[in-house]
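Below is one structure, written out as structure tokens, with a few remarks after it.
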Amino acid sequence: MANICFDFENIFKQEYQKRLAGASLYKYLDDLNIDLNSFIKDVVSKENDYYFSCSSLTREVKRKVSHDVYHNFFLRPTFKSNILPNNKTFLINGDFIFETNNLGVYFKVNDIYISDNEKIKKFEKEFNFKWSYKQSGKKANSDSILVRNIIESTPLIYDKKSIDIINKWDEYLEFEKKFFSDKLGFYKTRNYSLIELKEVKRTMENVKRYKESIYHDDGNNYLYIYDDNLDLNREEDVQVIEFEVIIKNSSDAFNKLSFFVNQEIEIANPLEALDKNGELVSNSNDLDFSFRTKRIGGLLKPLEVVAKNESETIYRFSKFWIDENTDYFSSIARINEYIITNFGEFPLLVNILSGDIALYKRGKQALTDIKTGNVKNPGLIGYLMNVDNASSDEYIKKEDLTWSTSYLDEYQKEAIYQALNSNSIFLLQGPPGTGKTQTITEMVYQFNKMNKKVLLSSQTHVAIDNVLERLPDELNILPIRLINSERKLKASRNFLPDKLVDNFYEKTINKYNNTIENFHLYSKEVEDYLNDYNKVNNLASKHKESRDKVHNLDLRINNLKSLLNNLDDKLESNQQLIKDSKSTLKFISDFRGNNFEYMDYKINNLDNSILRGITTLTNKYDIDNIYHLEGATLNDYLKLFSIYFGDNQNFKEDYHELIKRNLDNIEAYYQKTSRAIVDISLEIELENAKRINYLNDIRKLEVERNKLYRASQDDFKVIDDYFNYFFNNKLNINKVPPRDEEKLALIKNYIDEQIEDFELTKHKFNNYQDIYRNSIDFLANKKGEDLENDRIKYSRYLLNNNANVFGITCNANSRYLQERNQYLKSLGLGNIDLRNIDFDVVIIDEVSKATFVELLIPILYGKSIVLVGDHRQLPPMFKYRDNMFDHLSEDKRISKEKLNQYQEMVENSVFKHLFSVAKKNKYTLLKQYRSHEQIMEIVNLFYEDKLQMGHRSEQNEAKKHLLDINSEHNGRNIFTPHIHTYWFNSHYNQDRSVSYEKKLTRGSDVSTSFYNEQEIYLTKNILKTIDKGYSKLLEKGQISEAPTVGVISLYGDQVRLLKREVGKLNFKALDFSKSKISTVDEFQGKEEDIIIVNLVRNNKSGHAGEFTRKFERLNVALSRARKMLIVVGSVPFFSNLKIDIENSDNPSIIKTRYLYKEIYDRIKGKINEPNGYFKEDES
């Protein structure tokens, strides 16, 4: 068997051991009490079959002085380790080294880490070899033929198309570097001063109140006044640094300076930053400026002329002072001391594009890492290029999942389940309001339960903080936030590394408090089990007794009812007999009169009642039958019956003679019949009395029975609910026994087991409860210096061993240096390098707006990735336009064709491409919880009506806007409570002329943006109307606070003018310090109760720009509203505008639709003549 020699020297170095301390491999080994050396000897090198792969872009050799290197090969065992869990294995990463001077070939191991166990992948190849270990100073004895075979035959992960993509992005980064390099610059300061101001809300009242003290009025939201008003709160303090610069006069001097001060600038010490020629000191190749700088904030007061002569002008402007250490910079004096000490009396203003340069370097490093294969998962980037190669397996079953919250819907649960079982790449689409943040939070929690370390990344700080703040407060989850200290105010301070000990203590306190509380709850639960059982057992006995009594009563009642039925039958028979007997008696009386003519008529028309009477009386009372005539024979009876039925008239003469001969017998029969009628009537009377007695007895018994039954039914419901609870939630049996006694026996067995388990828990709790309580008291009293000492002592340990959720932005640096970050320096935490942290999973939110390179930066840190976004919302934005290169010389300008290529490359969302081509490992959330149903109907136009209401009736109730407002001008209704979507037609001005779009001009410069005066007018009046409506609701006490309002426009100039005009209004109910007026791009990821959208465009040609025709942009604008959506735009113009919209499942299928017309049709409230609703002076 051929041999491969391995060199493990690197991983036994101290630096690697420090890094390994926080890795998942170390945790497994530590739990098993196995050291790394034993693991390598007894597990890694015990078997000979391994899968080989190589993550480098090409298989090119890197030639060094003493050796040749083939970088980043991975070895994965074909066997299952008995040491590691069933679904886990390990990966060995390293380089093949070919030493010169015939010193041998060996494999230099760089890293070993835990990975998911799975079948052989497309880019892997299996090899069998014998292990040996490289010894220092001796020739490595690897079989060079085998090694060459491995290098040459191991499949390439990347195809030519993938390599081209990576090279194109490399080229694009060089283009960006060239562009921003031309923007580098600096200005010397003539003077600076520090000013402490108060920031107050801009209202007309405050403008008048602080008129004499205003330093700057931004015209929109705030006033900045000198710090001499003692009636203002300390929280409103802001520090401002004001600069004066002197520049030589020229035609473009002002424009250059204006552009400069509006950028992100820093201060530097001119002695450090400038060389002897007065130029910035830098390494021109990598734009590495090594001199110290301090970033200052945004522009407050724009350029103003202080003094001017023929050759020079002195300008003044001010910017906010920002700091990361508010304790140190607590006063103007301390800030001034800091500036003079570090940057001199006349600091240099520099624009060294720190942010742009940092992003460029990080992007370049990410591409370099791909090319060299410096990744944690050899196939991960390959999956980005060919997503269908991505793999998954069922590492965890659905039935084994326990959720941290009960608020997850079926779509969210399914998405999490699939993500947990993906060991490569998983794609999650989260349309607006579908609970994307909640889903990510639960996903992080579940990964942590699987002992996986998670890196959480996003384009914004807010998205990361939202997840971290929602994580369950459990001891096994310790999140950490990594940020550049100078930008710290943009992110939550609660999860910074200097809060690790605080958070751990808080979690420990909560854990022990919960342990104590849970024990008492457990104790009460077991006690309740027993009490409830005894109660139900007694109820069951009582219920059985009641049930038996009811049964006996039912028997008695049924018996009486049976007797009553028999009696009723007898009564009915006797009553019929009386009736029939009376008919018979009347018939016999005719015999007594020998009226044969009449008798013949009666006989011929004899009815059945007479026959029934004769027959029944004869049988019942033994009365001689009228047919028992003297001398009559059987034949006579038959003849007489024939006569009665009119069938035979031949016997009439005989019949007459018989009657005459038997008059005495007929008289006797008549008397007997009369007496029988009296007897029957008496019998009926007695039977009626007996019937009344039966009815009374039945009634009494039924009252008693129903009372018992109702009482037993109440008991039955308690018993039935009890049985249902236990057999549905506690007892896992296939067939529930029918008898209560059997059910109770099973439940009693379960309770006895619970009591037995509780006694064990109680014993353990009693042993530890003093420790719990003492620990709680001890940690709760950790304050001041004592707590600070613990931070210094334990933060590094927690960082390396317990922190398992890390949050960074997509473009964040991989290294956080102690010397540049106060929160690391203060505790001596040292440098943090994300590349040295063993992340199992990288979850990236808001990926739809991220470019390929921006995604690469965090992806390379992990072994598997979850990408979360929505390709139906805004894609990445290309920030370059033709006119940006006008100032460059011809040789430096970029061609329009190349610029278009770059634009297409940037704006083609990676997530959209992956989601459209992937056949597995993807899922879409479809239940939305953000908005009212009417608003969702609008948004559903972008999702092919697939979105569903999360909680239909409750959601609609919660999303009511409550406004019911009529116009004070024409009395017509403007807003009504049951309508949540409105379109205000802005086509006509107040004078009925058409309201066309306009462009701002400054001298000869014409803006590329647009604005619409009529829409500004309408928006102001809509806001004033809304404010009046909510003011009344507040006065009546129907609401506690007014809803939030956002105004969105597709165009920046419209936003700027809206801010200015709306800033002049005084609102009673609406708080515009909490509300926003901004562009669509700034609003993605945000939401407000009420959204007003300005569409702006309206022209004679009927053409609109790309902003208006991009369905993703329109989707974002319309999907921000929770309670009410108001569109302001020209109905005629937009109804005729065609929009290309891609199929959600297959973007290659594109339909041209009148999308705005569809939106208009679905909107419930159409205000087509809005000018009539507002007075002219309301503008």
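Position in the sequence shown counted from 1, then plus 300, gives you the working numbering.
All C-beta atoms in this analysis are idealised placements derived from N, C-alpha and C, irrespective of residue type, glycine included.
(1) Below 7 Å CB to CB, which residues in the same chain sit around residue 1090 once its five sequence neighbours on both sides are set aside?
(2) For a minimum of 3 consecutive residues, which ranges assigned as the beta strand (DSSP E) are wholly contained in the segment 1073 to 1123?
(3) With the cut-off set at 7 Å, would you say residue 853 and residue 991 are in Cβ contact?
(4) On the CB-based measure, 16 or more other CB atoms within 10 Å of its CB, does residue 678 come out buried or exposed?
(5) Tell me which residues share the same chain as residue 1400 and place their Cβ nearer than 8 Å to its Cβ, disregarding the 5 neighbours each side in the sequence.
(6) Apply the 10 Å Cβ neighbour rule to residue 593 and answer buried if 16 or more other Cβ atoms are within range, or exposed otherwise.
(7) Taking buried to mean at least 16 other C-beta atoms within 10 Å of its own C-beta, is residue 1338 buried or exposed?
(8) Output needed for residue 787: all residues of its chain with C-beta closer than 7 Å, excluding positions within five of it in sequence on either side, in chain order.
(9) Please work out which residues of its chain come closer than 8 Å, Cβ to Cβ, to residue 1309, disregarding the five sequence neighbours upstream and downstream, and give them in chain order.
(10) Considering only the beta carbon of each residue, do residue 1416 and residue 1247 sit closer than 7 Å?
(11) I need the DSSP call for residue 389, collapsed to helix, strand or coil.
(12) Give the straight-line distance between the Cα atoms of residue 1383 and residue 836, rounded to the nearest whole angstrom.
(13) How about residue 1286 and residue 1429: are their beta carbons less than 7 Å apart?
(14) Only counting the same chain, and skipping five residues up and downstream in sequence, which positions put a Cβ closer than 7 Å to that of residue 480?
(15) Buried or exposed: where does residue 1281 fall if 16 or more other Cβ atoms within 10 Å of its Cβ makes it buried?
(16) Looking at the structure shown, is residue 823 part of a helix, part of a strand, or coil, going by DSSP?
(17) Is it true that the segment 565 to 579 meets the segment 588 to 606, where meeting means three or more beta-carbon pairs spaced less than 8 Å apart?
(18) Do you know how far the Cα of residue 1171 is from the Cα of residue 1215?
(19) Alpha carbon to alpha carbon, how far is residue 473 from residue 306?
(20) Helix, strand or coil, according to DSSP, for residue 537 in the structure here?
(21) Could you give the residue range of the alpha helix (DSSP H) that holds residue 1322?
(22) Residue 614 by DSSP, collapsed to three states: which one?
(23) Per DSSP, residue 1410 forms a beta bridge with which residues?
(24) Find out if the Cβ-Cβ distance for the pair residue 1422, residue 1231 is shorter than 7 Å.
(25) Taking the beta strand (DSSP E) that residue 1223 belongs to, which residues open and close that run?
(26) Between residue 928 and the rest of its own chain, which residues show a CB-CB distance below 7 Å, the 5 nearest in sequence each way excluded?
(27) Check whether the segment 793 to 800 and the segment 1091 to 1103 are in contact - that is, three or more C-beta pairs closer than 8 Å.
(28) Which full runs of the beta strand (DSSP E) of 3+ residues lie inside the segment 1216 to 1289, going along the chain?
(29) Please classify residue 534 as buried or exposed, where buried requires at least 16 other C-beta atoms within 10 Å of its C-beta.
(30) Please work out which residues of its chain come closer than 8 Å, Cβ to Cβ, to residue 353, disregarding the five sequence neighbours upstream and downstream, and give them in chain order.
(31) From residue 1064 to residue 1052, what distance separates their C-alpha atoms?
(32) Once you ignore the five residues that flank residue 1368 on each side, which residues in its own chain have a CB closer than 7 Å to its CB?
(33) I'd like the list of long-range same chain contacts for residue 1502, defined as Cβ closer than 7 Å, with 5 residues on each side in sequence excluded.
(34) Starting from residue 746, trace the alpha helix (DSSP H) in both directions and tell me its first and last residue.
(35) Do the segment 1005 to 1024 and the segment 862 to 877 make contact, defined as three or more Cβ pairs closer than 8 Å?
(36) At which residues does the alpha helix (DSSP H) containing residue 457 begin and terminate?
Taking the structure as given:
(1) Same-chain partners within the cutoff: 801, 1082.
(2) If we require 3 residues or more, the beta strand (DSSP E) runs fully inside the segment 1073 to 1123 come out as 1105 to 1109.
(3) no
(4) buried
(5) Contacts found: 1296.
(6) Residue 593 sits buried, since 16 or more C-beta atoms from the chains shown fall within 10 Å of its C-beta.
(7) exposed
(8) Because residue 787 sits at a pLDDT of 46, beneath the cut-off of 50, its placement in the model cannot be relied upon, and the following sentence gives the value as read from the coordinates. Counting only Cβ-Cβ distances below 7 Å, and skipping sequence neighbours, we find nothing.
(9) Taken in chain order, the residues that qualify are 1299, 1300, 1351, 1352, 1353, 1354.
(10) no
(11) strand
(12) Answer to the nearest angstrom: the Cα atoms are 58 Å apart.
(13) yes
(14) Contacts found: 653, 656.
(15) Residue 1281 should be labelled buried.
(16) helix
(17) yes
(18) 8 Å
(19) 38 Å
(20) strand
(21) Counting along the chain, the alpha helix (DSSP H) containing residue 1322 begins and ends at 1313 to 1335.
(22) strand
(23) The partner list for residue 1410 (beta bridge, DSSP) is empty, contrary to what the question assumes.
(24) yes
(25) 1222 to 1224
(26) Confidence in residue 928 is poor, its pLDDT being 43 and thus under 50, which makes the residue's placement unreliable; the coordinate value appears in the next sentence. So the list is empty, once near-sequence residues are dropped.
(27) yes
(28) 1222 to 1224, 1273 to 1275, 1281 to 1285
(29) Note on residue 534: pLDDT 47, under 50, position unreliable in the model; the coordinate value appears next. So residue 534 counts as exposed.
(30) 373, 374, 376, 421, 423, 424, 425, 454, 455, 457, 678, 679
(31) 19 Å
(32) 1327, 1331, listed in sequence order.
(33) The requested residue 1502 is not part of the displayed model; the chain covers only 301 to 1479.
(34) Bounds of the alpha helix (DSSP H) holding residue 746 are 736 to 749.
(35) no
(36) Boundaries for residue 457: no alpha helix (DSSP H) harbours it, and the DSSP string shows neither H nor E there.
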